[in-house]
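Just so we're aligned, residue 22 is where the sequence shown starts under this note's numbering, counting upward by one.
Below is one structure, written out as structure tokens; comments come after it.
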Amino acid sequence: MKVSLEEIKEYGLESMTHPGHLKSHILRVEKTVRKYFLQKEGVDSTVLLTAVYLHDVARALEKRMRKEGKFCCHAETGAELADEYLHFIDFPKEKIPLVVHAIETHRYSKDKKPNTMEAKILHECDKLDAIGAIGIIRTLISYPAGDSTAFYHKTEPIARIRKLDDNKYGIDHFFIKLFKVKDKISFEELKPEAEKRHAYMEKFVNELEKEALAENYNGPVHKIFKILEESVNLQDYEEDNPLKEGNTLLGRLLNENNPFIHDFVEQLKSEIL
């Protein structure tokens, strides 16, 4: 049974149900790949796009198993699932190991390193989508919605003395992983965007610290928290297109007469549109 690349894409998109890894994540990575790398010399576009579409097929499974106290690496499990699926649909057999390798090595924290052009491209484009304004949103919605102050340590928001713990404080995830992404980007095509997104995250986290220490829970960062939390709780936030016309999240952000919040929206637009 042979299927088209578009059908493989639909198969991959259907699996995207993890809060921080919805369909839009795949579409943004695809957009970056198409913009910078699809015509790059030495790149197999079929292998690259197939890996893009399937690289997170096991994300929801990983989350489910972790809730049950079981171990699951979505990159390794996803590679196994992709291998089975690609054999089932009669994907070119010589290309399957290349797709599987790219999926298996795309994860940020994996010891296994990508050693093909397609795997390296997927690895870095996937990482780029973890930072910037969209990275801030993905981090926020990956942690339980509720009191935004639970996102950080109340007396020491940025860990200078205390030990980093991103299982407890979402803000620590920036220091454990996200702020390290920029220096791991090796493709010259991606470096300017990585620099821009990194700088914006620094600005956001610095403002968060100022507001937290001043107990200013009506500051712009806390308003962004509140709007996003309400949108998630009311199920009116669509990460598939957070900037679509009439979207409650965007409408609430733009209704705030605050330059910092408007800058957040503009940064988000630059990363998505």
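Don't be surprised by glycine CBs; every beta carbon is placed ideally from N, CA and C.
ask   = Would you say the segment 284-294 touches the segment 153-164, given that touching needs at least three Cβ pairs under 8 Å?
value = yes
ask   = Measuring CB to CB, does residue 244 end up less than 8 Å from residue 223?
value = No.
task = Determine the direct distance from the alpha carbon of residue 77 to that of residue 11, and round the result to whole angstroms.
result = Lying before the first or after the last residue shown, residue 11 is absent from the chain, which here runs from 22 to 294.
inquiry  = Pairs of beta-carbons, one from the segment 178-197 and one from the segment 207-217, closer than 8 Å: are there three or more?
reply    = no
ask   = By a C-beta neighbour count over all protein chains shown, 10 Å radius and 16 as the cutoff for buried, is residue 193 buried or exposed?
value = Burial call: buried.
task = Name, in chain order, the residues that DSSP records as bridge partners for residue 38.
result = 43
task = List the endpoints of the continuous alpha helix (DSSP H) containing residue 227.
result = Element bounds for residue 227: 212-234.
task = Have a look at residue 285 and residue 59 and give me their C-alpha separation to the nearest angstrom.
result = 30 Å
key: Length of the line joining the Cα atoms of residue 27 and residue 172   = 39 Å
message = Counting C-beta neighbours from all protein chains within 10 Å, is the total for residue 36 16 or more, i.e. buried, or is it exposed?
response = buried
message = Residues in the same chain with beta-carbon distance under 6 Å from residue 99, minus the five sequence neighbours each way, listed in chain order, please.
response = 78, 79, 124
key: Among 132, 33, 240, 133, the one whose alpha carbon lies nearest that of residue 70   = 33
query = Taking Cβ positions, are residue 204 and residue 49 nearer each other than 8 Å?
reply = no
query = Is the Cβ of residue 289 closer than 8 Å to any Cβ of chain D?
reply = Absent from the structure is chain D; it holds one protein chain and no more.
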